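Q: Numbering (this note's numbering), first residue to last: 358 to 576.
All residues carry an ideal CB built from backbone N, CA and C; glycine is no exception.
All figures in this text were calculated on a predicted structure; none of them were measured in a lab.
Provided herewith is a single structure, encoded as structure tokens, for subsequent inquiry.
What follows is the structure in structure tokens.
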């Protein structure tokens, strides 16, 4: 006779329940601190059943991460879809990023967990989502450049470097804000925009003078 405390669910429903529970535990405590035993106990199933569903802890975490990563990418994509120009696209993207953090902190915690292993498939998936954010900033920055400059390898390298710095700044500010930064998420977004946007505009100006290096004759 089945235990009255255990509801019989379909495989799909039980997997969904497991994902919901694991996502909450990973968000609250981090990847490293959560065990499969704890997840199984919280769901009310055996650990072998969870292994049967997801393979291992890493695969279960990836399934949780995909929820968070897809949600973040979709939020930013929708925000910039009908932007009038690259500046507006950048501003909307940053606002969407901080709005996402504000409204779904658990998703942020799973996607940007600092306790993740430094190698393996989990970190590869993290890199995949970060690369999508990087591509968004790089495309926005590159589209500001004159058409001829976009073909330059050195310009494209510079744009990639700038985009990496912007994403790093957004992540760092996001962590600072979640730790108790004394401003709203919207204010944090506007601060980042007002700090970064002038630099992006300056880099894209067609006649921006290059710095004079030692030994160069004066202009």
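Taking the C-alpha atoms as reference points, what is the distance between residue 469 and residue 443?
A: 26 Å
Q: Nearest to residue 424 by CA position, among 446, 385, 380, 387, is which residue?
A: 380
Q: From the DSSP output, in three-state form, read off residue 413 for me.
A: coil
Q: Give the range of the alpha helix (DSSP H) segment to which residue 443 is assigned.
A: 443 to 460
Q: Confirm, please, whether the CB-CB distance from residue 428 to residue 464 is below 8 Å.
A: yes
Q: Taking residue 488 as the reference, which of 539, 545, 522, 387 has the closest Cα?
A: 522
Q: Once the 5 residues before and after residue 462 are set aside, which same chain residues still bring their CB inside 8 Å of it?
A: 384, 535
Q: Quick one: using the 10 Å Cβ neighbour count with 16 as the cut-off for buried, is residue 565 buried or exposed?
A: Bear in mind that the predicted position of residue 565 carries a pLDDT of just 48, short of 50, making it unreliable; the figure below should be weighed with that in mind. Classification for residue 565: exposed.
Q: Where residue 418 and residue 517 are concerned, what is the direct C-alpha to C-alpha distance, given to the nearest angstrom?
A: Each residue's alpha carbon lies about 29 Å from the other.
Q: How is residue 493 classed by DSSP in three states: helix, strand or coil?
A: helix
Q: Return the residue from the list 387, 389, 377 that minimises the CA-CA distance to residue 397.
A: 377
Q: Comparing alpha-carbon positions, which option in 409, 420, 507 lies nearest residue 480?
A: Taking only the C-alpha atoms, the option nearest residue 480 is 420.
Q: When the Cα atoms are used, what is the spatial distance from residue 499 to residue 533?
A: 29 Å
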